[in-house]
Amino acid sequence: MDDGQKRQLELLAGRFEEWLEAAGYSVHTRAHYVRETHLVLAWLTENTAISSVADVLPSHLGQYQVSLYQREFEKGGKRRRLASGTQAYCLIAVRKFFAWLVRERLLAVNPAAGLELPRKTRRLPAGVPTPAEARRLIEAVSTRRPRDLRDRAIVETLYGTGLRLGELRNLALYDLNLEAGRLHVRLGKGGQDRIVPLVDSLKPILKRYLEEARPRLAKAGETHLFVSSRAGGGKLHPSDIARIVAKAARQAGIAKPVTPHALRHGCATHLLKGGADIRQIQKLLGHRRLSSTEVYTHVEVSDLDQVLARCHPRGKKRSKS
Numbered sequence: 127m128d129d130g131q132k133r134q135l136e137l138l139a140g141r142f143e144e145w146l147e148a149a150g151y152s153v154h155t156r157a158h159y160v161r162e163t164h165l166v167l168a169w170l171t172e173n174t175a176i177s178s179v180a181d182v183l184p185s186h187l188g189q190y191q192v193s194l195y196q197r198e199f200e201k202g203g204k205r206r207r208l209a210s211g212t213q214a215y216c217l218i219a220v221r222k223f224f225a226w227l228v229r230e231r232l233l234a235v236n237p238a239a240g241l242e243l244p245r246k247t248r249r250l251p252a253g254v255p256t257p258a259e260a261r262r263l264i265e266a267v268s269t270r271r272p273r274d275l276r277d278r279a280i281v282e283t284l285y286g287t288g289l290r291l292g293e294l295r296n297l298a299l300y301d302l303n304l305e306a307g308r309l310h311v312r313l314g315k316g317g318q319d320r321i322v323p324l325v326d327s328l329k330p331i332l333k334r335y336l337e338e339a340r341p342r343l344a345k346a347g348e349t350h351l352f353v354s355s356r357a358g359g360g361k362l363h364p365s366d367i368a369r370i371v372a373k374a375a376r377q378a379g380i381a382k383p384v385t386p387h388a389l390r391h392g393c394a395t396h397l398l399k400g401g402a403d404i405r406q407i408q409k410l411l412g413h414r415r416l417s418s419t420e421v422y423t424h425v426e427v428s429d430l431d432q433v434l435a436r437c438h439p440r441g442k443k444r445s446k447s
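Written out as structure tokens, the structure is:
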């Protein structure tokens, strides 16, 4: 493939990005689709004899899928392969790009139409705190200094609302209505807005944060709700929030690796165990599909012990002899 043909592929990727923006895809989704489009086009250029997208065959994309399966990276000093969910995430972008080419009549036949996604391996989430651990984690955070008060408000908000890390980080001052007990989550995952109610115990700590801590941390004109104690009081970095949660877990003596996402898991799981309907939890978490919520509401082994003891004919609570 000569340089001119390569430029044509780059132009197609640029047009695809423009279409994604016009179609209303979120910034995160657009970035992912465009990145994966460039990667598959680069792979096709290097590993096949195509001169344009019209030359791409289903077999080429099948070979690309195999390359994803075989792709290795280093993490924690070990060589690892991409998880099945990550592979599927990459291939969804490839399918979207080629479907767009057909939509724009740049291709007559979609070579990615028969591309099957690998099944995701669903695992129990790691580091999900129990209700008692969540309480210890929250209470372990001091409220003496402005930064501590901010950290306590962040931990309580993550656990009390089930927000994603990015959603909490993007909250603006005007998204919080303490009087009504509501948070307005704007452009959550999938570009959807939603209203999240505040649990009663969360309101006092947010009020204290707004009155006592934020004015001393935020730079002039800063609109984000939670601000950094460094970098002049601007927007928090994702790693800042992860460190705040990890530090709280250490202070509480919790050995498991608690993350912001683990607190989201905990919020959903504890609501379900408390009697909340799974569809209500789905709305709270901002899931489009119920199947996404079911991943969070995993069944604990201790719960199965109780079910067997209570319901099985040979269970301890039912057997008399």
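Counting from 127, one number per residue, gives the positions in the sequence shown under our numbering. C-beta: ideal position from N, C-alpha, C; glycine also. Keep in mind that this is a model prediction, so the values were computed, not measured.
| Item | Value |
| --- | --- |
| Of the listed residues Val235, Val160 and Ser178, nearest to Asp129 (C-alpha basis) | Ser178 |
| 8 Å contact criterion, which Leu291 and Pro244 should meet: CB distance rounded | Not a contact, Cβ separation roughly 26 Å. |
| Unbroken alpha helix (DSSP H) run spanning Pro364, endpoints | Pro364 to Gln377 |
| Other residues of its chain near Ala344: CB distance less than 7 Å, five sequence neighbours each side excluded | Val353 and Gly359 |
| Identity of the residues DSSP links to His350 by a beta bridge | Ala298 |
| Contact the region 332 to 348 vs the region 250 to 261: 3+ CB pairs below 8 Å | no |
| Beta-carbon proximity of Leu297 to His350, cut-off 8 Å | yes |
| Beta-bridge pairing of Val322 - partner residues as DSSP gives them | Leu309 |
| Trp145 beta carbon less than 8 Å from that of Trp226 | yes |
| Unbroken alpha helix (DSSP H) run spanning Asp399, endpoints | Rather than Asp, the amino acid found at residue 399 in this sequence is Lys. Segment Pro386 to Lys399, the alpha helix (DSSP H) holding Lys399. |
| Spatial distance of Ala378 from Leu336 (CA atoms) | 25 Å |
| Burial state of Asp277, where buried means 16 or more other Cβ atoms lie within 10 Å | buried |
| In DSSP terms, what Lys132 is bridged to | None, per the DSSP bridge assignment. |
| Distance between His413 and Val192 (C-alpha atoms, nearest Å) | 31 Å |
| First and last residue of the uninterrupted beta strand (DSSP E) at Glu200 | Glu198 to Lys201 |
| Exposed unless 16 or more other CB atoms sit within 10 angstroms - verdict on Phe120 | Outside the shown range of the chain (127 to 447) lies residue 120, about which nothing can therefore be said. |
| Three-state secondary structure assigned by DSSP to Arg340 | helix |
| Closest residue to Val322 among Ala139, Pro330, Lys329 and His310 (Cα-Cα distance) | His310 |
| Ile280 to Gly307 span [Cα, whole Å] | 16 Å |
| Nonlocal neighbours in the same chain, by C-beta distance under 7 Å from Gln318, ignoring five residues either side | Gly412 |
| Counted within 10 angstroms of its Cβ, other Cβ atoms place Leu183 as buried (16 or more) or exposed | exposed |
| Whole-angstrom distance between Arg205 and Arg270, CA atom to CA atom | 44 Å |
| Contact check, Lys333 vs Leu302, beta carbons under 8 Å | no |
| Three-way DSSP call (helix, strand, coil) for Arg444 in this model | With a pLDDT of 49 at Arg444, under the threshold of 50, the modelled position of that residue is not reliable, and the figure given next carries that caveat. Correct three-state label for Arg444: coil. |
| Beta carbon of Lys237 nearer than 8 Å to that of Val384 | Contrary to the premise, residue 237 reads as Pro rather than Lys in this sequence. No, these two residues do not count as a Cβ contact at 8 Å. |
| Own chain, CB closer than 7 Å to Pro386, minus 5 neighbours either side, in chain order | Leu284, Leu291, Ile367, Ala368 and Val371 |
| Neighbourhood of Gln189 by C-beta distance below 6 Å, restricted to the same chain and skipping five residues each side | none |
| Residue burial classification, His186 (beta-carbon count within 10 angstroms, cutoff 16) | buried |
| Beta bridge counterpart(s) of Arg205 as assigned by DSSP | Glu200 |
| Distance, His164 Cα to Val228 Cα | 18 Å |
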